[in-house]
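Enquirer: My questions will all concern the structure given below.
In our numbering, the protein residues as written are 63 to 571.
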C-alpha cells in the first residue's frame, strides 16, 4: 500500500521554508513564467572542480540507503546482461529495484517510496497503473479474452479507427515497440521511393533500429559514428546525419544528397537530446524539402505523440508527415506501437503487392490486452483534452522554472529545456536539467546539451541523478516526464529535493 511520502529520512530537512505553488487547477496563466537570474547572484560557470570525489561520496550514501537493491542487482547480473533488460535502466553505481508502482510513486525493494519522473520510459502520462487502464484490463480478462490468440478481432479495428481519426492518418499498421515502428517506417519509405539513404538528426534516437543507428551517442567528433557493431558496412554511407534545428544545414544536405534520400526521420522533441522542440522554421523546412526532393517525411512521435495534445505534436505545428510512428502513451502502459500515415505508402506492406515490405508486426502485434489498454487511454485523453493538457503544461512550466530558481538561489547556473513558447505555445510536461558553463550559451540542439564543453554533462547525468535519489526522487537527464498524478504536494516535495542537492553542490563548488 502507498502512503504520502514522509519527511526525508536523513536528519536535516532539505529546506525549512514552505514551498508555495499557485493552484494548478487554474492552468491557464495561473503559473506565471519569470526570469530567475538576478544581478545579485553570481552563478557557477565552471564544471565542478572535483566531480570524482563528489560522486564517490554520493555513491556511498546511495549504497547505504538502498542496500537491498544493491544485493538484488548483484544477483541479477548473474543471469541478465548488466543485470537489466534495457540499457536506459542501468546507471552507476546500480539501479534501484521496485516492488510496486502507483500514481507518481514507485516503491523500492527496501520499502522506500520514490517520486518517479521516468514513468515507464515516459509512457505513463496518467501515472503508474491508473484505474482507467487497470479496470479496462481486468474487465477484458474477466470476460475470458485477453491473452494472445493470433486471430483478428474487432478491438484492433476500433483502436486503429480512433488512432487514425486523432492523427489524420489514412492507414494504420500496429506492431509492438517504437524500435519496430521506426524500422518498418523506414523500410516503407525505401520501398516507396526506391532510394536507400536515410537522413536523421544528430542525437536522434529511434530505438535500436539498425536503419537509424548512427549519430545517436556523442563522440569526440560529434554525432558522426555508427553506434553499434553488427551492422552492415553500408550503414556508414546510407545513414546521413544533420544538425537539429539548423535549417541551413538541412538545406545543404538536401542540395548534396537529395536525390538519394528516401526519408528524413526525426523526433519533434528529441528524447535523448534535451527535449528541445523543433522550431517552426525547421519543421516547415523539413516538410518543404522532403516534398521538393521526393523524399518522405517521417515524424517519430513515439515520445511526443499524445504528450502535448490528443494527437501528434505535429498538429500544433500545422504539419502532416507522410508517415508517423507512435508508441509509449498510446499503449496505456502495455506494449503497442503504430505506423500511421499515407495509404499509398502503407499499402506497400499489403499481401497484394508482389514485392511487398514484410511489415508483419510480430507474434504479439495487436495483442488483445495492449489494444484494450490503448483504447482506454486514447478515449480518456481525447475526452479530457481541454483540461488535461493545460494542467500538465502548467505543472511542467512551474517545475522547470522553479528548478532554475532554486539553483540560481545557490549561485548555480541551471537551465531547463523541454518547452518553446514560439514552437509550442501551449507548453509541455517534459524536461531536462542542464548546467551550462556560460550564461549566454544557446541550447537549441542535442549537440549543445550533450557537449561537455558547453554543459556539465557529468553533473546532470551522474551527480544529480544520485543526489535526487538520496532525497527520494527519480529523474532521467535531470528531470523527465510529468504525469497527471504529480500533484501540487508532489511537485513541492520534488523542488525540495532539488534544493537539497543545490545546497550540497554549492558547498562542494
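Ideal Cβ positions, reconstructed from N, Cα and C, are used throughout, including at glycine.
1. By how many angstroms is the C-alpha of residue 333 removed from the C-alpha of residue 125?
2. Between the region 311-324 and the region 444-460, can you find at least three pairs of beta-carbon atoms closer than 8 angstroms?
3. Excluding the five sequence neighbours on either side, which residues of its own chain have a C-beta within less than 7 angstroms of the C-beta of residue 257, listed in chain order?
4. Which runs of the beta strand (DSSP E), 3 residues or longer, sit entirely within the region 225-311?
5. Please go through the region 129-171 and give each complete alpha helix (DSSP H) segment of 4 or more residues, from N-terminal end onward.
6. Once the 5 residues before and after residue 379 are set aside, which same chain residues still bring their CB inside 6 angstroms of it?
7. Are the region 349-360 and the region 201-213 touching by the rule of at least three beta carbon pairs closer than 8 angstroms?
8. Would the beta-carbon of residue 401 fall within 9 angstroms of that of residue 234?
9. From the DSSP output, in three-state form, read off residue 561 for me.
10. Where residue 370 and residue 489 are concerned, what is the direct C-alpha to C-alpha distance, given to the nearest angstrom?
11. Which of the three DSSP states is assigned to residue 217 in this structure?
12. Across which residues does DSSP place residue 386 in a beta bridge pair?
13. Bridge partners for residue 496 per DSSP, in chain order?
14. Looking only at its chain, what residues have a beta carbon closer than 6 angstroms to the beta carbon of residue 158, apart from the 5 residues adjacent to it on each side?
15. My output table needs one value for residue 513: the three-state DSSP class, helix, strand or coil.
16. If we count Cβ pairs, one from each stretch, closer than 8 angstroms, do we get three or more for the region 463-482 versus the region 554-564?
17. The beta strand (DSSP E) spanning residue 323 covers which residue range?
18. Under DSSP, the beta strand (DSSP E) around residue 178 begins and ends at which residues?
19. Looking only at its chain, what residues have a beta carbon closer than 8 angstroms to the beta carbon of residue 568, apart from the 5 residues adjacent to it on each side?
20. Could you give the C-beta distance for residue 237 and residue 383, rounded to a whole number, given that I count them as a contact under 8 angstroms?
21. Let me know the secondary structure DSSP gives residue 190 once reduced to three states.
22. Nearest to residue 386 by CA position, among 422, 462, 244, is which residue?
23. Would you report the Cα separation of residue 437 and residue 444, rounded to the nearest angstrom?
24. Using 8 angstroms as the cut-off, can you tell me whether the region 217-224 makes contact with the region 404-420, which would need three or more C-beta pairs spanning the two stretches below that distance?
25. Return helix, strand or coil for residue 464, following the three-state DSSP convention.
26. By the 10 Å Cβ neighbour count, where 16 or more other Cβ atoms means buried, how is residue 307 classified, buried or exposed?
27. Spell out the partners DSSP gives residue 536 in its beta bridges.
28. If you draw a straight line from the C-alpha of residue 186 to the C-alpha of residue 347, how long is it?
29. Can you list, in chain order, the residues of its chain whose CB lies under 8 angstroms from that of residue 144, leaving out five sequence neighbours each side?
30. I'd like the list of long-range same chain contacts for residue 405, defined as Cβ closer than 8 angstroms, with 5 residues on each side in sequence excluded.
31. Mapping DSSP to helix, strand and coil, what is residue 543?
32. Enumerate in chain order the residues of its own chain whose CB-to-CB distance from residue 440 is below 6 angstroms, with the five nearest sequence positions on each side excluded.
33. Out of 154, 147, 501, which has the shortest C-alpha to C-alpha gap to residue 523?
34. Which residues mark the beginning and the end of the alpha helix (DSSP H) in which residue 126 is found?
35. Less than 9 angstroms between the C-beta atoms of residue 461 and residue 557, yes or no?
36. Take the Cβ of residue 85 as the centre, count every other Cβ of all protein chains shown within 10 Å, and call the residue buried at 16 or more, exposed below.
Expert: Straight from the coordinates:
1. Taking the first residue of the chain shown as position 1, residue 125 is located at position 63. Taking the first residue of the chain shown as position 1, residue 333 is located at position 271. About 29 angstroms.
2. no
3. Translated into the one-based positions of the chain shown, residue 257 becomes position 195. Taken in chain order, the residues that qualify are 322, 323, 324.
4. 233-237, 259-263, 301-304
5. 129-139
6. Reading the chain shown from its first residue, position 317 is the one you call residue 379. Here the set comprises 345.
7. no
8. Stepping through the chain shown from its first residue, residue 401 is reached at position 339. Stepping through the chain shown from its first residue, residue 234 is reached at position 172. Going by C-beta atoms, residue 401 is nearer than 9 angstroms to residue 234.
9. Here residue 561 refers to the residue found at position 499 of the chain shown. Looking at residue 561 - three-state DSSP - the assignment turns out to be helix.
10. Translated into the one-based positions of the chain shown, residue 370 becomes position 308. Translated into the one-based positions of the chain shown, residue 489 becomes position 427. Cα to Cα, residue 370 sits roughly 8 angstroms from residue 489.
11. The residue labelled residue 217 in the question sits at position 155 within the chain shown. Note: residue 217 maps to helix in three-state DSSP.
12. Residue numbering aside, residue 386 sits at position 324 when the chain shown is read from its first letter. According to DSSP, which records beta bridges pairwise, residue 386 is partnered with 361, 402.
13. Position 434 of the chain shown holds residue 496. 477.
14. Taking the first residue of the chain shown as position 1, residue 158 is located at position 96. Around residue 158: 128, 131, 170.
15. Numbered from its first residue, the chain shown carries residue 513 at position 451. Residue 513 falls in the coil class under three-state DSSP.
16. yes
17. On the chain shown, residue 323 is found 261 positions in, with the first residue counted as 1. Taken as a continuous stretch (DSSP letters only), the beta strand (DSSP E) holding residue 323 covers 323-328.
18. As a working mapping, residue 178 is identified with position 116 in the chain shown. Note, residue 178: beta strand (DSSP E), 175-178.
19. Mapped onto the chain shown, residue 568 falls at position 506. Within the same chain, residue 568 has close Cβ partners 472, 473, 474.
20. Translated into the one-based positions of the chain shown, residue 237 becomes position 175. Translated into the one-based positions of the chain shown, residue 383 becomes position 321. No, residue 237 and residue 383 are not in contact; Cβ-Cβ is about 18 angstroms, not under 8 angstroms.
21. One-based indexing of the chain shown puts residue 190 at position 128. It is a strand residue.
22. The count along the chain shown starts at 1 and reaches residue 386 at position 324. Closest option to residue 386, Cα to Cα, is 244.
23. Position 375 of the chain shown, counted from the first residue, corresponds to residue 437. Position 382 of the chain shown, counted from the first residue, corresponds to residue 444. In a straight line, the C-alpha of residue 437 is about 11 angstroms away from that of residue 444.
24. no
25. Within the chain shown, the letter at position 402 stands for residue 464. Looking at residue 464 - three-state DSSP - the assignment turns out to be helix.
26. Counted from its first residue, the chain shown places residue 307 at position 245. So residue 307 ends up on the buried side.
27. One-based indexing of the chain shown puts residue 536 at position 474. For residue 536, which the question treats as bridged, DSSP gives the partners 178.
28. The count along the chain shown starts at 1 and reaches residue 186 at position 124. The count along the chain shown starts at 1 and reaches residue 347 at position 285. If I take the Cα positions, the gap works out to 32 angstroms.
29. For this step, residue 144 is matched to residue 82 along the chain shown. Here the set comprises 152.
30. Residue numbering aside, residue 405 sits at position 343 when the chain shown is read from its first letter. Correct list, in chain order: 232, 233.
31. By one-based count along the chain shown, residue 543 stands at place 481. Residue 543: strand per DSSP, three-state reduction.
32. As a working mapping, residue 440 is identified with position 378 in the chain shown. Same-chain partners within the cutoff: 224.
33. The count along the chain shown starts at 1 and reaches residue 523 at position 461. If we check each option's Cα against that of residue 523, 154 comes out closest.
34. Numbered from 1 along the chain shown, position 64 holds the residue referred to as residue 126. From DSSP, the alpha helix (DSSP H) with residue 126 extends over 113-127.
35. Here residue 461 refers to the residue found at position 399 of the chain shown. Here residue 557 refers to the residue found at position 495 of the chain shown. Yes; because the gap between Cβ atoms is below 9 angstroms, this pair is in contact.
36. Here residue 85 is taken as the residue at index 23 of the chain shown, counted from 1. Its pLDDT being 38, under 50, residue 85 is placed unreliably in this model, and the coordinates cannot settle the point.
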